[in-house]
Amino acid sequence: MRKLSEKSALFQRITNDITELNVRSAENGVEEALKGGVDPREIIERSLSEGLRIVGERYQEGEYFLSELIMSAEIARRIMERIEPELVSKRKEDIRGKVVIGTVRGDLHDIGKNLVAAFLKPIGLEVYDIGIDASPEKFVDAVERYKPDIVAMGALLTVCIPMYGETIEALEKAGLRKKLKILVGGGAANEQVARDAGADAYAENAWQAVIKARELLSGL
Amino acid sequence: MLTAIDLRKPDMVPITDLALDPPIIEEIAGICLEGFSFVGGSHGEKAWENSKKEVSALIKACRKLDFDAVNIEDYVLPSQNYSPKFIDKTTFIDEWGKILKTRSDTKTTWWFGGTINTPEDLEGWQPPDPSAPGRMELLEHAIREVKGEMAVMGYVHIAFQFAWQVRGGLEKFIKDLYLNPTFARKLLDKVFSSSFELAKMMMDVGVDVLAIGDDYADTHGPLLSPKLFREYELPYVRAICNEAKRRGIPIWKHSDGNLYPIIEDLIDAGISGLHPIEPPVMDLADVKKRYGHRIFLAGNVDCRQVLPYGSEEDVRRYVRQCIDSAADGGGYILTSSNSLHANVKVENIYAMVDEARKYGRYSR
């Protein structure tokens with residue numbers, strides 16, 4: 009990439025393709041950038057994160073809907089898949105934190121969880137997805153294994169609300185709670201539910217999860 | 002109820018509900034049901050026989066509750082030839098090719114996955130044949146049984162919901178719409194060809210109201226962007242409304258969630274009324290004010306908190322609030338905000354009906 013302005017224009021183009029959900033064009037842009045020797049981390053910073061931020065904002069403002077969120081997450085997944093092998097020289101300081109994410113026991117919904125996972129990766133978080141219907145024990149095992157900074161849990165069904173608290177309690181009993189930040193989300197949750205369960209933060213949607221995760225990490 | 006649907010003022014606010022979970026039907030009708038029903042409509046090994054029993058019990062329960070209508074869903078109209086294909090003890094493939102899980106405590110099922118994974122799967126896939134033996138028999142029986150006493154509603158899904166369910170998930174289907182629209186369209190067309198035929202047969206046998214399903218929104222807003230919705234789903238809604246209108250049969254549109262961004266589209270497509278105006282994301286009084294002169298409204302006694310966990314007085318207060326919000330001038334039918342599901346307290350259902358009968362008199 010010869011000129012700085014050319015590079016900026018390319019980042020802008022990829023960002024636009026992400027926000028306008030032009031999958032192929034976004035992929036081509038990323039390919040072009042990589043071929044031009046652009047640092048893949050810069051693509052994540054300047055195009056991917058920025059694109060997802062804009063999509064998240066449009067969703068919150070009612071301009072975008074679930075379909076756009078899902079498709080932008082798919083574009084992010086594809087770009088990350090393409091870029092990840094290029095990050096071989098990934099240095100420790102590039103990893104800003106680790107997250108274990110799952111849908112709590114009794115709930116099989118995964119759209120929201122998948123969206124949050126897709127949105128968190130581009131901000132430099134390593135995401136360990138433990139799937140749906142994840143028991144408190146499964147969360148405990150995952151935390152012992154991956155030693156995350158944040159545990160993110162979601163549920164859509166209101167009958168599963170008690171599981172937020174039970175999972176947090178299990179983490180406490182296992183002596184893992186102190187070093188952890190806990191983020192609660194999903195259709196079943198709200199600020200009150202998160203507080204009652206003993207969580208550190210509540211996120212209403214995928215972009216909010218990014219904002220909250222950043223806040224939680226800066227408080228660590 | 003038909004007077005209210007016609008946007009006129011009946012003697013009192015009509016009452017019904019789209020669905021009663023088996024434990025509710027059992028408790029009210031005093032009949033023990035077999036198999037699994039309601040969400041997904043598969044009924045153990047003897048699907049048709051069990052459905053027959055459920056429809057009879059449902060009528061008995063609606064009668065006992067003094068409802069003004071009984072709703073017969075496509076879920077409870079299997080073919081006589083159908084039996085679910087069990088993958089394991091609690092998982093089976095239904096007549097559509099959806100994968101469902103059973104819940105023995107509530108005798109319900111819930112959607113788990115689909116069987117269309119490739120374009121070849123779609124080529125080979127056939128939706129249920131609406132004219133398969135026995136399918137209409139249960140509906141005809143219901144009509145004969147309650148004629149003149151209650152209105153009979155026939156409920157069909159349209160295209161979007163069963164399409165994503167048989168495809169294996171909303172996420173997959175939404176990606177199809179962007180990445181492989183021809184495939185997505187073909188799937189929708191196939192689903193609709195079956196449901197449209199079923200809808201016509203329901204009208205042929207004499208339902209008073211055609212209810213159309215498919216949830217289009219969550220509490221945030223429509224699942225599909227209005228642009229995708231207008232392109233892919235709305236034409237089917239319009240087609241079914243036109244057919245019903247031609248026959249003089251009103252269309253009751255059900256969809257959960259915040260429908261504000263697409264409500265005008267639905268009205269323009271020809272729906273006669275909307276259910277359930279989900280609280281708190283849609284405000285019944287506001288919808289009444291803005292759209293009550295064009296469509297009837299049905300809803301929205303909260304079945305998330307009030308009906309399952311509220312006291313009798315909470316229920317009565319909520320019912321009065323609904324009536325105050327939407328009953329003025331007619332065009333309003335009282336129902337729960339989704340269904341009378343297994344967690345709802347039966348005494349609260351009786352309180353709901355009792356309060357609506359007292360407070361919902363137009364002459365009061």
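Chains A and B are the protein sequences, given in the same order.
Mapping to the numbering used here: the first sequence position 42 is 50, numbers consecutive.
Mapping to the numbering used here: the second sequence position 7 is 8, numbers consecutive.
Where is the CB? At the ideal position from N, CA and C, for every residue including glycine.
The structure presented is a predicted model; accordingly, all values stated were derived computationally and were not measured.
Checklist entry - So, does the CB of residue 168 of chain B fall closer than 8 Å to a CB anywhere in chain A? => result no
Checklist entry - Which one of A/84, A/226 and A/110 has the shortest CA to CA distance from residue 145 of chain A? => result A/110
Next on the checklist: At 4 residues or longer, what runs of the alpha helix (DSSP H) sit wholly inside the stretch 120-178 of chain A?
Outcome noted: 144-154
Item to check | Selected residue, minimal CA-CA separation from residue 136 of chain B, among B/110, B/199, B/35 and B/85 | outcome: B/199
Item to check | Interface positions of the stretch 144-176 of chain B facing chain A (Cβ-Cβ less than 7 Å), listed along the chain | outcome: 171, 172, 175 and 176
Item to check | residue 106 of chain A: first and last residue of the uninterrupted beta strand (DSSP E) it sits in | outcome: 105-111
Checklist entry - What first and last residue would you give for the beta strand (DSSP E) that runs through residue 113 of chain B? => result 109-115
Checklist entry - Got a sec: is the Cβ-Cβ distance from residue 79 of chain A to anything in chain B below 8 Å? => result yes
Next on the checklist: Would you call the stretch 296-309 of chain B in contact with the stretch 334-349 of chain B, where contact means no fewer than 3 C-beta pairs closer than 8 Å?
Outcome noted: yes
Next on the checklist: So, at 7 Å on beta carbons, what are the nonlocal neighbours of residue 39 of chain B in its own chain, with the 5 sequence-adjacent residues on each side left out?
Outcome noted: Because the pLDDT at residue 39 of chain B is just 49, under 50, the model does not fix this residue reliably, and the point stays unresolved.
Checklist entry - Could one say the Cβ of residue 65 of chain A lies closer than 8 Å to chain B's Cβ atoms, at least one of them? => result no
Checklist entry - Where does residue 102 of chain B fall in DSSP's three states? => result strand
Next on the checklist: Using only the alpha-carbon positions, how far apart do residue 221 of chain A and residue 63 of chain A sit?
Outcome noted: 17 Å
Item to check | Residues near residue 90 of chain A by beta carbon distance below 8 Å, same chain, minus five either side | outcome: 35, 38, 39 and 42
Item to check | Buried or exposed by the 16-neighbour rule on C-beta atoms within 10 Å, applied to residue 13 of chain A | outcome: exposed
Checklist entry - For residue 259 of chain B, which of B/280, B/52 and B/248 has the nearest alpha-carbon? => result B/280
Item to check | C-alpha gap between residue 206 of chain A and residue 199 of chain A, whole angstroms | outcome: 11 Å
Item to check | Contact with chain B by residue 69 of chain A, beta-carbon distance below 8 Å | outcome: no
Checklist entry - If you compare alpha carbons, which of A/129, A/185 and A/164 is closest to residue 150 of chain A? => result A/185
Checklist entry - How about residue 107 of chain A and residue 190 of chain A: are their beta carbons less than 8 Å apart? => result no
Checklist entry - Can you list, in chain order, the residues of its chain whose CB lies under 6 Å from that of residue 173 of chain A, leaving out five sequence neighbours each side? => result 205
Next on the checklist: Please report whether the beta-carbon of residue 36 of chain A lies at a distance below 8 Å from any beta-carbon of chain B.
Outcome noted: no
Checklist entry - Among all the DSSP beta bridges, which residues are the ones paired with residue 94 of chain B? => result B/86 and B/100
Checklist entry - Is the beta carbon of residue 26 of chain B sitting closer than 8 Å to the one on residue 62 of chain B? => result yes
Checklist entry - If you draw a straight line from the alpha carbon of residue 124 of chain A to that of residue 68 of chain B, how long is it in whole angstroms? => result 44 Å
Next on the checklist: Counting only C-beta atoms, is residue 41 of chain B closer than 8 Å to chain A at any point?
Outcome noted: Note on residue 41 of chain B: pLDDT 47, under 50, position unreliable in the model; no value is reported.
Item to check | Rounded straight-line distance, which links the Cα of residue 73 of chain A to that of residue 265 of chain B | outcome: 17 Å
Checklist entry - Who are residue 253 of chain B's beta bridge partners in DSSP? => result B/212 and B/274
Next on the checklist: Using only the alpha-carbon positions, how far apart do residue 79 of chain B and residue 73 of chain B sit?
Outcome noted: 12 Å
Item to check | Closest by C-alpha distance to residue 285 of chain A, when choosing among A/49, A/45 and A/76 | outcome: With chain A covering only 9 through 228, there is no way to say anything about residue 285 of chain A.
Item to check | Neighbourhood of residue 206 of chain B by C-beta, 7 Å cutoff - its chain only, sequence neighbours within 5 removed | outcome: 137, 140, 141 and 144
Checklist entry - In chain order, which continuous runs of the alpha helix (DSSP H) of length 4 or greater are located wholly inside the stretch 60-96 of chain A? => result 74-91
Checklist entry - Of all Cβ atoms in chain A, is any one closer than 8 Å to the Cβ of residue 231 of chain B? => result no
Checklist entry - Can you check whether the CB of residue 233 of chain B is closer than 8 Å to the CB of residue 371 of chain B? => result Since the first residue of chain B shown is 2 and the last is 365, residue 371 of chain B is not available in this structure.
Checklist entry - What residues of chain A sit near residue 220 of chain B, judged by a beta carbon separation below 7 Å? => result 195
Checklist entry - From residue 20 of chain A to residue 107 of chain B, what distance separates their C-alpha atoms? => result 53 Å
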